[in-house]
Amino acid sequence: SRAVAFIIQWLLKRYLDVTLRFGKVGLLNFGKVQMTLQRDVSVHVELEKIWLSSSFVNPDVRKPVVICIEDMRIQVDVSNHGEQPNRTTQDPVQPTQGQPLVHLIRKIMSIGSYGGLRINNITVMLLKTMVPDCLIHFSSPEVSLDISAAYDKYEICVNLNNFGCKALRTSAETPDPGQQNCLGEFSFTFKMDAKVDKTDPT
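The sequence shown begins at 1 in full-length UniProt numbering and counts up by one.
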């Protein structure tokens, strides 16, 4: 398992410039996982636990391989977004520029049709947004994603259970979270079923 963790760390750092740390390493499960990405925006992700499940050993899942995550926290700082110098000229768009993207989506769909994703308790916080001193907070107790392969189409099913959003005004003078003022909030349950063509998933 430690060899697998090292390979994952190396691949993410090499190709995506993502720093990954594991607090606990077990057999097909990891605990206290932290991921950090520093680019135009700063993204920090914490996973309390992530493991693999299967329909062969767990009757509650329907796919051969399902990625399960417990307590996922994402913090995004968008304060640096747009500070990169703007390019005065743009490269000409090549006619075949979209082809690699189509092939990548096909591969993701093909691999995803054998697996699924389950997240219990996810929280997303957007810091330093367009509104000064405002924090955007998203949360959901359950998120799931399933991709199934039909004859000539992929069927995608997304579930967001009791998804909630809050806009909170914060101030440096009142760092206590209890002093945050709620500017607005809403919640809903969302389910989406979509079908995409295998030959052209875009």
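We treat Cβ as the ideally placed atom computed from N, Cα and C, and that holds for glycine.
Counting C-beta neighbours from all protein chains within 10 Å, is the total for residue i 16 or more, i.e. buried, or is it exposed?
i    : result
M72  : buried
Y151 : exposed
I119 : buried
G112 : buried
F22  : buried
K63  : buried
L20  : buried
D133 : exposed
P95  : Note that P95 scores a pLDDT of 48, beneath 50, so its modelled location is shaky and nothing firm can be said.
D146 : buried
Y154 : buried
I108 : exposed
L47  : buried
K7   : Checking the displayed sequence, the identity of residue 7 turns out to be Ile instead of Lys. I7 is exposed by the Cβ-count criterion.
V66  : buried
V33  : buried
L11  : exposed
L135 : buried
Among the candidates the options, whose CA atom is the shortest distance from the CA of residue i?
i    : options                   : result
F163 : K198, S148 and P141       : P141
D17  : D40, K32, S1 and R2       : D40
T189 : K198, L160 and D197       : L160
V61  : Q38, L117, V45 and Q75    : L117
L183 : D193, K191 and R169       : R169
V158 : F56, A149, S148 and S144  : S144
K195 : N181, T123, Q34 and S148  : S148
H103 : D200, R2 and A5           : D200
Q75  : V43, V57 and P100         : V43
V45  : K191, L126, K166 and N181 : L126
Start and end of the alpha helix (DSSP H) containing residue i?
i  : result
V4 : R2 to L16
Does residue i come out as helix, strand or coil in the three-state DSSP assignment?
i    : result
S110 : helix
V102 : helix
L145 : strand
D193 : strand
Y151 : coil
P163 : Correcting the residue identity first, residue 163 is Phe in this sequence and not Pro. F163 falls in the strand class under three-state DSSP.
V57  : coil
C182 : strand
K24  : strand
N199 : The displayed chain sequence assigns Thr, not Asn, to residue 199. Correct three-state label for T199: coil.
Considering just the uninterrupted stretch of the beta strand (DSSP E) at residue i, what are its terminal residues?
i    : result
R118 : G115 to L127
F30  : N29 to Q38
V45  : S42 to S53
V66  : V65 to D77
Would the segment 50-58 count as touching the segment 27-37 if we require 3 or more Cβ pairs under 8 Å? Counting C-beta pairs with one atom in each stretch, the segment 50-58 and the segment 27-37 have three or more that are closer than 8 Å, which means they touch.
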